[in-house]
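With the first letter of the sequence shown counted as 1, position 127 gets the number 330 in the numbering used here; the numbers rise by one all the way through.
Working notes, structure below.
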Amino acid sequence: MLYKSIYLSPLGKLLILTDDQTLLGVWYEDQKYYGASYRLSEAVYQENSIIEEVTNWLDRYFNKENPDISYLPLAPDVTDFRKKVLEILKSTPYGQTITYQQITNRLKEIYGENVGSARAVGGAVGHNPISIIIPCHRVIGSDGSLTGYAGGKERKVALLTLEGVYK
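Dropping the structure here:
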């Protein structure tokens with residue numbers, strides 16, 4: 204069974220989607236790829252322990268507490284390549300950024316082969332189903348520019364400002 208809840212963040216409403224054991228998604232209500240690959244209409248509005256954990260994590264994040272994500276049961280429904288990219292995003296520390304090229308280079312280091320181009324990495328980052336918690340907002344262009352964000356560039360600026368990266 205799928206469960207959903209609305210979290211009222213300082214940057215707008217977030218939909219949290221879980222099953223009985225894992226977090227499947229966190230999306231802004233007007234985000235690109237909102238709920239992609241899930242039948243959100245079949246999910247019921249009902250709190251569960253996962254939603255409670257995610258809500259507590261988001262509360263701490265928006266209070267600038269740099270919460271740990273390792274205890275959250277994350278289960279994004281993505282391809283193997285995208286999972287590899289999301290693992291690198293998860294390891295990007297709070298208050299720091301990473302470029303698409305750096306992600307590509309890390310993929311080569313970790314997996315020992317050319318697993319994808321910076322463009323493929325961009326596609327994986329853009330389709331991240333667990334916004335904020337898997338920090339795709341920390342990805343910037345090689346020239347330091349603030350590139351796209353599925354939740355909107357204004358939210359990306361706000362999140363990076365919250366983390367002390369962007370002033």
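Don't be surprised by glycine CBs; every beta carbon is placed ideally from N, CA and C.
Source: prediction; values computed, not measured.
Is the Cβ-Cβ distance between residue i and residue j less than 8 angstroms?
i: L289; j: N331; result: yes
i: S208; j: Y241; result: no
i: R358; j: Y231; result: yes
i: F284; j: A246; result: no
i: T307; j: G326; result: no
Rounded to the nearest angstrom, what separates residue i and residue j at their Cα positions?
i: H340; j: Y264; result: 14 angstroms
i: T221; j: I301; result: 28 angstroms
i: S212; j: L205; result: 22 angstroms
i: N269; j: Y297; result: 6 angstroms
i: I291; j: L214; result: 25 angstroms
i: V281; j: Y314; result: 18 angstroms
i: V257; j: I343; result: 25 angstroms
i: K287; j: L277; result: 13 angstroms
i: L217; j: V229; result: 6 angstroms
i: L363; j: N266; result: 14 angstroms
i: Y303; j: G367; result: 20 angstroms
i: T150; j: S244; result: This structure cannot speak to residue 150, because the chain is shown only from 204 to 370.
i: Q305; j: T350; result: 14 angstroms
i: N317; j: L226; result: 30 angstroms
i: Y210; j: E255; result: 10 angstroms
i: N259; j: A361; result: 20 angstroms
i: A321; j: E312; result: 14 angstroms
Since residue i sits in a beta bridge, which residues does DSSP pair it with?
i: L220; result: K207 and G228
i: I169; result: Because the chain spans 204 through 370 in this model, residue 169 falls outside it and cannot be assessed.
i: Y277; result: For the record, residue 277 in the displayed sequence is Leu; it is not Tyr. Partner(s): L226.
i: S294; result: Beta-bridge pairing links S294 to no other residue.
i: G215; result: S212
Can you tell me whether residue i is helix, strand or coil according to DSSP?
i: S244; result: helix
i: T350; result: coil
i: I333; result: strand
i: S252; result: helix
Using CA coordinates, which residue listed in the options is at the minimum distance from residue i?
i: P338; options: S345, G329 and D346; result: G329
i: I272; options: I306, K293, V281 and F284; result: K293
i: G347; options: T307, R322 and Q299; result: Q299
i: L275; options: F284, T350, L261 and D283; result: L261
i: P334; options: I343, G367 and A353; result: One detail in the question is off: residue 334 reads as Ser in this sequence, not Pro. With distances taken between Cα atoms, S334 lies closest to A353.
i: E250; options: G325, N266, Q234 and D223; result: D223
i: D233; options: S320, G367, G355 and I253; result: G355
i: I336; options: S252, K235 and P279; result: P279
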